[in-house]
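J.: I'd like to ask you about the structure that follows.
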Amino acid sequence: MTNHQHNASKFASSLTVSRRHFMMGAAGLAAVAGFGIRPAAAARDVAFLGWEGYDLAFKSTDLLGKAGVNMQPTYISAIEDIITKLRGGGIGSIDLTTLIYQYVSFCGQSDLLGAIDESLVPNLSAMHPRVKALDKFLRVDDKLYGVPFTFSAIPLLYNPDLVEEPKSWLDLLKPEYKGKVVGYPDVMSMIVTWSKVANGLEDPSRMTREQLDKTVELMIKVKQNSRTIPSSLGEISDMFSRKEIVMGMGWEPMIKWAGDKGVNLKIASPKEGTFAYFDTVNIAKDAPNRELDHALINWGLSAENQKTFAEGNILGIVNQDAMKAVTDKTVAGIYHFDDLDAYFADKFLPGMFPLEQEGEFVTWDDVLGAFESYQRA
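The opening residue of the sequence shown carries number 138 in my numbering; numbering runs sequentially from there.
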């Protein structure tokens, strides 16, 4: 479906959406957005706002053609771009967005998204039961604001030709691997992974200040043992491909990317667990093509299109029939399409950090501040 260029740059910049981005009014954010929504070529064109390549998952030329419109994509470099653009004048002009599951309920509560009419998306019935369990993250007042369409994780990758399989994330700190390991460029992935290691929390998004400090201390140790601080997933993949690193935080598609260059990568199962996540498709508030948007989402969830998406992007999918139809052994093997519970057996899916103070727990702004301390260390 794509050439993976969007995947390689997906985490090129960190998740830095502060409470201000969620709560700030449109007038305020319009002044700081820095860029606007590209005007649609026609008044009724479907405006897509999300990761490059994700638009193709919902771009039905048949449905768009019958409606007499095109899809006009605007690509993001970080999740914060979606919040900023919606707050900065995008409401009423944007149709579809692609938010990570942790942001959906907050965006729904913040009146940035429109509720999805489930009766207009019959392919929801083909969704794997494991995926349906995500509803708690995607509903506000029992209304659905996000539809999962793909999943993946931030696994501990290693080169079995150069090193034995690591059993713990702490193996990245071993002296013999100094300069041969790497962390991750994303706030959420670093914080929740290393909080799991430092504190053993069931849900790392519920941390005290002391636990956050312990997490950052451990992250700094990882940084000190790393070859570099990567700026993107493409950079991590290239380091694996050049055999500059033997293990590190990665992304499942890297197995294929490195494999295409003759480098063998495997996924470890660290005892502390691995952060997994779902990306969702959403309909923006006051979307100009609500009925068509629903039809495009339903089309994107069909078995045929989900199969194409999985094999073209080396990513997990949610349609049960599509899972059975995937013939690419690498993709089917990575995501255990024959037994999804096996895939998630060593994974954890944390919630979102509180935007407002909740008892002893740190807020998302606290986390962003702590991550900046890590970056400066």
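We treat Cβ as the ideally placed atom computed from N, Cα and C, and that holds for glycine.
Which residues in the same chain have their Cβ closer than 8 angstroms to the Cβ of residue 495, if we skip the five residues on either side of it in sequence?
T.: If we look at residue 495 and ignore the five residues flanking it on each side, it has no Cβ neighbours.
J.: Label residue 401 either buried or exposed according to how many other C-beta atoms from any shown protein chain fall within 10 Å of its C-beta, with 16 as the threshold for buried.
T.: With fewer than 16 other Cβ atoms within 10 Å, it is exposed.
J.: Under the rule that 16 or more other beta-carbon atoms within 10 Å means buried, what is residue 370, buried or exposed?
T.: So residue 370 counts as buried.
J.: I need the straight-line Cα distance from residue 201 to residue 282, nearest angstrom please.
T.: So the alpha carbons of these two residues sit roughly 23 angstroms apart.
J.: Could you tell me whether the stretch 391-399 touches the stretch 268-275, where touching means 3 or more Cβ pairs closer than 8 angstroms?
T.: Verdict: no, contact absent.
J.: Should residue 466 go down as buried or exposed, given a rule of 16 or more other Cβ atoms within 10 Å for buried?
T.: Residue 466 comes out exposed.
J.: Relative to the alpha-carbon of residue 482, which residue among 259, 267 and 279 has its alpha-carbon at the smallest distance?
T.: It is 267.
J.: At the level of alpha carbons, what is the spacing between residue 209 and residue 248?
T.: Near 23 angstroms, if we compare the C-alpha coordinates of residue 248 and residue 209.
J.: May I ask you to report which of helix, strand or coil DSSP gives residue 215?
T.: Of the three classes helix, strand and coil, the one that applies to residue 215 here is coil, per DSSP.
J.: Quick check on the DSSP output: the alpha helix (DSSP H) that includes residue 506 runs from which residue to which?
T.: Taken as a continuous stretch (DSSP letters only), the alpha helix (DSSP H) holding residue 506 covers 501-513.
J.: Evaluate the contact criterion for the stretch 328-348 versus the stretch 484-499: three or more CB pairs, one atom per stretch, below 8 angstroms.
T.: Output reads yes: the stretch 484-499 touches the stretch 328-348.
J.: Could you check which residue in 325, 240 and 409 has the C-alpha nearest to that of residue 285?
T.: If we check each option's Cα against that of residue 285, 240 comes out closest.
J.: Would you call residue 224 buried or exposed, if buried means 16 or more other Cβ atoms sit within 10 Å of its Cβ?
T.: Burial call: buried.
J.: Check for me: the beta strand (DSSP E) holding residue 386 runs from which residue to which?
T.: First-last of the beta strand (DSSP E) with residue 386: 384-386.
J.: Below 8 angstroms on the Cβ atoms is my contact criterion, and I expect residue 250 with residue 421 to pass it. Report the Cβ-Cβ distance as a whole number of Å.
T.: About 6 angstroms separates the two Cβ atoms, so the contact holds.
J.: DSSP on residue 400, reduced to helix/strand/coil?
T.: Three-state DSSP puts residue 400 in coil, outside helix and strand.
J.: Do you know whose CA, among 432, 350 and 460, lies nearest residue 204's CA?
T.: Among 432, 350 and 460, the Cα nearest to that of residue 204 is on 432.
J.: For residue 376, which three-state DSSP category applies?
T.: Of the three classes helix, strand and coil, the one that applies to residue 376 here is helix, per DSSP.
J.: I'd like the span of the alpha helix (DSSP H) that includes residue 480, first residue to last.
T.: Element bounds for residue 480: 477-481.
J.: Would you mind sorting residue 510 into buried or exposed? The rule is 16 or more other CB atoms within 10 Å of its CB.
T.: By the 10 Å Cβ count, residue 510 comes out exposed.
J.: Helix, strand or coil for residue 492? Go by DSSP, reduced to three states.
T.: In this structure, residue 492 counts as coil in the three-state DSSP scheme.
J.: Could you pull the start and end residues of the alpha helix (DSSP H) that residue 516 belongs to?
T.: No information on residue 516 is available, as it lies outside the stretch 138 to 514 that the chain covers here.
J.: Using the Cα positions of residue 454 and residue 441, report the straight-line distance between them to the nearest angstrom.
T.: Each residue's alpha carbon lies about 11 angstroms from the other.
J.: If you reduce the DSSP assignment to three classes, tell me which class residue 337 lands in.
T.: Coil at residue 337, not helix or strand.
J.: Are there 16 or more other CB atoms within 10 angstroms of the CB of residue 323, so buried, or fewer, so exposed?
T.: Its Cβ being crowded by 16 or more others within 10 Å, residue 323 is buried.
J.: So is residue 242 buried or exposed if we call it buried at 16+ other beta carbons inside 10 Å?
T.: Looking at its Cβ environment, which holds 16 or more other Cβ atoms inside 10 Å, residue 242 is buried.
J.: In or out: residue 381 buried (at least 16 other Cβ within 10 Å) or exposed?
T.: Per the 10 Å Cβ criterion, exposed.
J.: The alpha helix (DSSP H) spanning residue 416 covers which residue range?
T.: That residue, residue 416, is in no alpha helix (DSSP H); its beta strand (DSSP E) goes 411-421.
J.: I'd like the span of the alpha helix (DSSP H) that includes residue 447, first residue to last.
T.: First-last of the alpha helix (DSSP H) with residue 447: 440-450.
J.: For the stretch 255-264 against the stretch 215-233, do three or more pairs of beta-carbon atoms, one drawn from each stretch, fall closer than 8 angstroms, so that the two count as touching?
T.: The stretch 255-264 vs the stretch 215-233: no contact.
J.: Whole-angstrom Cβ separation of residue 293 and residue 405, contact assumed at under 8 angstroms?
T.: With a Cβ gap of about 4 angstroms, residue 293 and residue 405 count as contacting.
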